[in-house]
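Residue numbers (my numbering), protein chains in the order written: chain A, 1 to 71; chain B, 1 to 170. Even glycine gets a Cβ: it sits at the ideal position worked out from N, Cα and C.
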């Protein structure tokens, strides 16, 4: 029923299922919090092909930076 | 010394032209989804079968590929046998550095990643790009500091995509 999404498991059931699979629940900070989204939002307005072209241009710009200035 | 210009689309064109089966992973895949992390190489997860090894090797030879970091005096022919002899390879090609990974940490390789992959068209090339959720999972599983930084960006990206979807639904 859980796999078919016909029911949502209670916390205890979820915990038990995870343990069987060799996992456990742990509290960790939500990833992505505090990240500036401005560049991401701009990129999301583009097509994957346009994003690829920008990625290539940026990588080539990086290649022009003298070695030793970046790690 | 001729400067090699990073041209991942050219690499992908060569690979698809020869019918190679692979999924784009790594930072460049993240860029295709909308991440703003700079990607200066291309990583792919390839299918493990003899026919695919031949296709990969043919495409790589066309791009004058040589194994990265290898000493010139040690021969390393880029052929199907080379792919049979190992799992992960980094090649320097005339279009930049390309990483070939058969079993990225946190996944069971190509069959695992192709399931959720999306087909994207880059200029005239159709390629499979690993699902954003899978890229996040792989970054988390890898656990290297640079991957954990990228994980934060990818998670923010995922949230932005979900937010945009909710807004478009009204």
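Taking a cut of 7 Å between CB atoms, which residues from the segment 28 to 49 of chain A lie near chain B? So the list reads 31, 32, 35, 37, 39, 40, 41, 43, 44, 48, 49, given in the order they occur along the chain.
Using a Cβ-Cβ cut-off of less than 8 Å, list which residues of the segment 102 to 123 of chain B approach chain A; keep chain order. Of all residues in the segment 102 to 123 of chain B, 120, 121, 122, 123 have a Cβ within less than 8 Å of some Cβ in chain A.
Using a threshold of 8 Å, state whether the C-beta atoms of residue 109 (chain B) and residue 48 (chain B) are closer than that. Going by C-beta atoms, residue 109 (chain B) is nearer than 8 Å to residue 48 (chain B).
For residue 161 (chain B), three-class secondary structure by DSSP: If DSSP states are grouped into helix, strand and coil, residue 161 (chain B) belongs with the helices.
Can you give me the Cβ contacts of residue 136 (chain B) inside the same chain, cut-off strictly under 8 Å, excluding the 5 residues immediately before and after it? Excluding residues within five positions, the ones whose Cβ falls inside 8 Å are 151, 154, 155, 158.
Backbone CA spacing between residue 134 (chain B) and residue 48 (chain A) [nearest angstrom]: Between residue 134 (chain B) and residue 48 (chain A), the C-alpha separation is close to 18 Å.
Can you tell me whether residue 14 (chain B) is helix, strand or coil according to DSSP? Judged by DSSP in its simplified three-state form, residue 14 (chain B) adopts helix.
Could you confirm whether any beta carbon from chain B is found closer than 8 Å to the beta carbon of residue 60 (chain A)? So yes, residue 60 (chain A) belongs to the interface.
Neighbour list for residue 56 (chain A) in chain B, Cβ cutoff strictly below 8 Å: Under the 8 Å cutoff, chain B gives 6, 7, 8, 9.
Tell me which same chain residues have a C-beta within less than 6 Å of the C-beta of residue 11 (chain B), skipping the five on either side of it? Correct list, in chain order: 42, 95, 98.
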